[in-house]
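In our numbering, the protein residues as written are 16 to 384. C-beta: ideal position from N, C-alpha, C; glycine also. Computed from a prediction, not measured in an experiment: that's the story for all the values here. Input: a single structure, listed below in structure tokens.
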Ligand code: T4K
């Protein structure tokens, strides 16, 4: 047993002395939230880093989803995936929208474009896919379907910080994309998130929406919410941005090592890098075929825990099985065979910048029995 538990992730944290210098500036200025200087700097720095033009910071990765649906006036039904963190579907529910679940493609765990058209009804107004584990969805085919039926596309890109396809940010796809900067993500501001939009007018509207709808001191133009990132988190974000490339490279090295050994373990499937894609190695899911491997996913999962290795079963159970959603017609397991199987096979192995060689060796030895 390892002396320290090996956790699925560990937050990227800046040098405390450097952070203190930023805190000193915040204390001196006495400006701690509401579009302060660090907030403005971070929006600009993230646009440059991510290669996007219009980004609005949020307090977490859930509120930009809720706000995107508001900003685009989405109603009725939205086609989405059951294989995600529950926030994706909750964002629809909070807007009074009916989620319609469509099965996933096991090759990237994203929504299966082949199954979308059959789920469209006269009430469908949008598609909300997820770039699960940071693996790009088939954005070209999703957009073609959206264009054919006049639907909006909002990507939950919570896992896709820095992901590029053929040199272009994945965040430019669809009408809007959202990011999460939660502590457990590749890039974090403790809690935080962002909404990426396509033009200045929309960014202005989103900025109103995240500040109660205020457009000036006395005018309220929409029923907005409060989702502004404060100066302390923005400062953390500025510092973490300086070291995120290094952290992603460390994750990449861990992925290389995992793959080297796991490729010869029968019954364990994992993802390879996709051609033309700049990955962020945010998660390292493995899929356990119990028959071939000789042990079920849960047997392996708990065996690892006994030795101090805490992977996570992201995303099990499926969102469609939770009490709020399980009564929906689209939640029937027969409608979601791939998602149901994958949710029962997955373990996300520990993946972060702080894993040591010994940690990785231990994890591999537990799988490679
Ligand atoms: N869309 C998608 C596709 C998402 O995955 C998420 C969030 C969202 C939307 C919503 O974004 P946010 O509103 O959360 O920004 C975690 C996160 O809370 C959640 O952000 C994330 N997805 C989800 C996949 O995972 P839990 O319940 O698994 O977190 P927790 O507290 O069990 O932490 C996991 C491990 O991380 C722990 O074993 C240890 C480590 N950890 C965690 C924290 C919080 C640390 O070492 N330090 C920490 O401070 O949900």
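From the DSSP output, which residues share a beta bridge with residue i?
i, result
"residue 229", "235"
"residue 394", "Given that the chain is displayed from residue 16 to residue 384, the structure contains no residue 394 and the question cannot be resolved."
"residue 363", "300 and 327"
"residue 241", "226"
"residue 94", "115 and 142"
"residue 164", "Paired residues: none, contrary to the question."
"residue 120", "125"
Near residue i, what residues of its chain come up, given a Cβ to Cβ distance below 6 Å and the 5 sequence neighbours on each side ignored?
i, result
"residue 305", "311"
"residue 201", "176, 295 and 297"
"residue 107", "93 and 114"
"residue 329", "363"
For residue i, collect the residues of the same chain with a Cβ closer than 8 Å to its Cβ; drop the 5 residues on either side in sequence, then sort them by chain order.
i, result
"residue 29", "251, 254, 255, 257 and 258"
"residue 318", "310 and 381"
"residue 327", "23, 362 and 363"
Compare the beta carbon distance of residue i and residue j with 8 Å and say whether it is the shorter of the two.
i, j, result
"residue 73", "residue 224", "no"
"residue 303", "residue 365", "no"
"residue 361", "residue 178", "no"
"residue 168", "residue 157", "yes"
"residue 369", "residue 18", "no"
"residue 351", "residue 338", "no"
"residue 96", "residue 119", "yes"
"residue 346", "residue 134", "no"
"residue 243", "residue 69", "no"
"residue 331", "residue 354", "no"
"residue 383", "residue 269", "no"
"residue 286", "residue 187", "no"
"residue 86", "residue 220", "yes"
"residue 206", "residue 197", "yes"
Report, in whole angstroms, the separation of the C-beta atoms of residue i and residue j, which I expect to be a contact under 8 Å.
i, j, result
"residue 195", "residue 173", "4 Å"
"residue 125", "residue 144", "6 Å"
"residue 77", "residue 60", "No, residue 77 and residue 60 are not in contact; Cβ-Cβ is about 23 Å, not under 8 Å."
"residue 90", "residue 112", "6 Å"
"residue 316", "residue 299", "In fact, because the Cβ distance is near 14 Å, the residues do not count as touching under 8 Å."
"residue 27", "residue 203", "6 Å"
"residue 314", "residue 282", "At roughly 12 Å, the Cβ-Cβ gap does not stay under 8 Å, so residue 314 and residue 282 are not in contact."
Starting from the C-beta of residue i, find all residues in its chain whose C-beta is less than 7 Å away, skip the five residues before and the five after it, and write them out in chain order.
i, result
"residue 79", "73, 193, 208, 209 and 210"
"residue 246", "41, 46, 47, 48, 51, 53 and 54"
"residue 104", "95, 114, 334 and 340"
"residue 57", "72, 249, 252 and 253"
Counting only beta-carbon atoms, is residue i nearer than 8 Å to chain B?
i, result
"residue 270", "Of the protein chains in this structure there is only one, and it is not chain B."
Quiz item: For the segment 32-39 against the segment 240-250, are there 3 or more C-beta pairs whose distance is under 8 Å?
Solution: yes
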